[in-house]
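A short write-up of the structure that comes next.
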Amino acid sequence: MDLIKQLRALTDDILGLRQTLQKSQPIPTREYKFAIYHLEALLLDLRSNSKQGPNVAEMKGGLDRELAALNRLHELSTTLLKDSRDKDVAFNLRQVLLASIELLGADKGNIQLYDERAQALKIVTHVGFDQTFLDLFKSVPSGGNCACGKVLAGKERVIVEDFRTDPRFTDFGPICAAHDFVAVQSTPLFGSDDRLYGILSTHFRQPHRPSQRELYLLDCYAGLAEQVIECKPLS
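Residues in the sequence shown are numbered consecutively from 859, following the working numbering.
This is the structure in C-alpha cells:
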C-alpha cells in the first residue's frame, strides 16, 4: 500500500473513531475527546511531511500505535463504566493498569489509592510484583523516599529515568535491583473536586523516559481510572 492509501486508511479510522465517540454511552472523558483532536493534528502533520522521506514511516508507525491505544481506551471506557456499580473497582483498575503498561511498553506496575484516615498510599492492584515488594510498599506516607511518595507530597507526576543515577533517590537503588526495575513513571489520580485519589505507576527494567505523546495518552487512561473510582469508591 502506498503512502496516499495509508493516509486515507488512517483518515477513515480516525473518522470512524470520532463517530463512535459521538454515540458513546457513557459520555467519554474530556481527555479522550482532546486525544482525538490530537490524533487529527498528527495526521495533518504527517500529510504535510509526506514528501520529506524516511521520517514519514516512523511518524505513521507512531500514529498507528496511538490510534490503537485510543481504540483500547474506548473499549475499556465502554466496558468498565457501563454498569460499573456491579463491578469490582480493583478489577477495573487492573484493566486500566494493564492497558497503561502496554501503552508505555513497561514491564510491571501498580495502582495505589490514598487512605485518608491512614494518610498513606495503599496498593489495590499490581502486575509483576512479588509479595516482598507488596509488603514493603503496603503503606507509603507522604514524602516517602520513592517516586509515589514524592507524587503524594507534590501532587504532580514524577518520572525517574534511571534510579541508579537520579540524585533524588540515592538510597533506593538496592530496592530497585531486588525487584528488577530501574525506571518508573508515577501519575497522580484526582477526583472532580481535585482531591488526590491515588497514583498509577509503571516500571521498566531498562532506563526509560516515556515520550510526551505517550504521556498524553497515559493521561487519558488516568482519566478513565479516575472515573472508575468516582463511579464506585472503594470502601
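Just so you know, even glycine gets a beta-carbon here, dropped at the ideal spot from N, CA and C.
Check A1011 in the structure and name its three-state DSSP category.
In the sequence shown, the residue the question calls residue 1011 occupies position 153. Looking at A1011 - three-state DSSP - the assignment turns out to be helix.
How is G1081 classed by DSSP in three states: helix, strand or coil?
Locating residue 1081 in the sequence shown gives position 223, counting from the first residue. In this structure, G1081 counts as helix in the three-state DSSP scheme.
Looking at V998 and Q970, is the spacing between their C-beta atoms short of 8 angstroms?
Along the sequence shown, read from residue 1 onward, the residue named residue 970 stands at position 112. Along the sequence shown, read from residue 1 onward, the residue named residue 998 stands at position 140. Yes.
Per DSSP, which residues does K980 bridge with? Please list them.
Within the sequence shown, residue 980 is the residue found at index 122, counting from 1. K980 pairs with L971.
Could you give the first and the last residue of the continuous beta strand (DSSP E) run that contains F1062?
Within the sequence shown, the letter at position 204 stands for residue 1062. 1054-1062 is the extent of the beta strand (DSSP E) around F1062.
Ignore the nearest five residues each way along the sequence and tell me which others in H1037's own chain have a CB closer than 6 angstroms to its CB.
As a position in the sequence shown, residue 1037 is number 179, starting the count at 1. Correct list, in chain order: F991.
If contacts are defined as beta-carbon pairs under 8 angstroms, then F1039 and R1067 qualify, I think. What distance do you get, rounded to the angstrom?
Working through the sequence shown from its first residue, we reach residue 1039 at position 181. Working through the sequence shown from its first residue, we reach residue 1067 at position 209. Incorrect: roughly 14 angstroms between the Cβ atoms, too far for contact.
With DSSP run on the structure shown, which of helix, strand or coil describes P1025?
On the sequence shown, position 167 is the one that residue 1025 refers to. Three-state result, P1025: helix.
Sort D1020, R1026, I1087, T1023 by Cα distance to F1048 and report the nearest one.
Here residue 1048 refers to the residue found at position 190 of the sequence shown. Among D1020, R1026, I1087, T1023, the Cα nearest to that of F1048 is on I1087.
Are the beta-carbon atoms of V985 and L961 separated by less than 8 angstroms?
Residue numbering aside, residue 985 sits at position 127 when the sequence shown is read from its first letter. Residue numbering aside, residue 961 sits at position 103 when the sequence shown is read from its first letter. In this structure, L961 does not lie closer than 8 angstroms to V985 by Cβ.
Pull the bridge partners of L1047 from the DSSP assignment, please.
Stepping through the sequence shown from its first residue, residue 1047 is reached at position 189. DSSP lists G1056 as partners of L1047.
Looking at the secondary structure, which residues open and close the alpha helix (DSSP H) in which V947 lies?
Working through the sequence shown from its first residue, we reach residue 947 at position 89. Note, V947: alpha helix (DSSP H), 947-962.
How many whole angstroms separate the CB atoms of I981 and T1060, which I take to be in contact at a CB cut-off of 8 angstroms?
Taking the first residue of the sequence shown as position 1, residue 981 is located at position 123. Taking the first residue of the sequence shown as position 1, residue 1060 is located at position 202. Wrong, their Cβ atoms sit about 14 angstroms apart, outside the cutoff.
Taking Cβ positions, are R819 and E924 nearer each other than 8 angstroms?
Nothing about residue 819 can be read from this structure; the chain reaches only from 859 to 1093.
According to DSSP, is V1086 part of a helix, a strand, or is it coil?
The sequence position of residue 1086 within the sequence shown is 228, counting from 1. Here V1086 sits in helix by DSSP.
Could you check if E1084 is buried or exposed, using at least 16 other CB atoms within 10 Å of its CB as the buried criterion?
The sequence position of residue 1084 within the sequence shown is 226, counting from 1. Result: buried.
Among residues of its own chain, excluding the 5 on either side of L934, which ones have a beta-carbon nearer than 7 angstroms to its beta-carbon?
Position 76 of the sequence shown holds residue 934. Around L934, the same chain offers Q953, V954, A957, L1082 as residues with beta carbons nearer than 7 angstroms, after the five sequence neighbours per side are excluded.
Cutting at 7 angstroms between CB atoms, please list the residues of its own chain near L1075, excluding the five before and the five after it.
Along the sequence shown, read from residue 1 onward, the residue named residue 1075 stands at position 217. If we look at L1075 and ignore the five residues flanking it on each side, its Cβ neighbours are A893, E924, A927, L961.
Between C1034, G1012, T937, which has its C-alpha nearest R1053's C-alpha?
The residue labelled residue 1053 in the question sits at position 195 within the sequence shown. It is G1012 whose Cα lies nearest to the Cα of R1053.
Do you know offhand how far C1089's Cα is from A1041's?
Looking up residue 1089 in the sequence shown gives position 231. Looking up residue 1041 in the sequence shown gives position 183. Looking at the two C-alpha atoms, the distance is approximately 32 angstroms.
Comparing alpha-carbon positions, which option in D993, N950, C1034 lies nearest K966?
Start at 1 with the first residue of the sequence shown, and residue 966 comes out as number 108. Comparing Cα-Cα distances from K966 to each of D993, N950, C1034, the minimum goes to C1034.
Euclidean distance between Cα positions of L994 and L979:
As a position in the sequence shown, residue 994 is number 136, starting the count at 1. As a position in the sequence shown, residue 979 is number 121, starting the count at 1. Their backbone Cα atoms lie some 12 angstroms apart in a straight line.
Am I right that S1044 and V1009 are in contact with their C-beta atoms under 8 angstroms? What's the rounded C-beta distance?
Against the sequence shown, residue 1044 aligns to sequence position 186. Against the sequence shown, residue 1009 aligns to sequence position 151. So it is a contact: roughly 5 angstroms between Cβ atoms.
Give the straight-line distance between the Cα atoms of C1004 and L931, rounded to the nearest whole angstrom.
To locate residue 1004, count along the sequence shown from 1; it is residue 146. To locate residue 931, count along the sequence shown from 1; it is residue 73. If you take the alpha carbons of C1004 and L931, they lie about 29 angstroms apart.
Work out the CA separation of K940 and N929 for me, nearest whole Å.
Numbered from 1 along the sequence shown, position 71 holds the residue referred to as residue 929. Numbered from 1 along the sequence shown, position 82 holds the residue referred to as residue 940. The straight-line gap from Cα to Cα measures roughly 17 angstroms.
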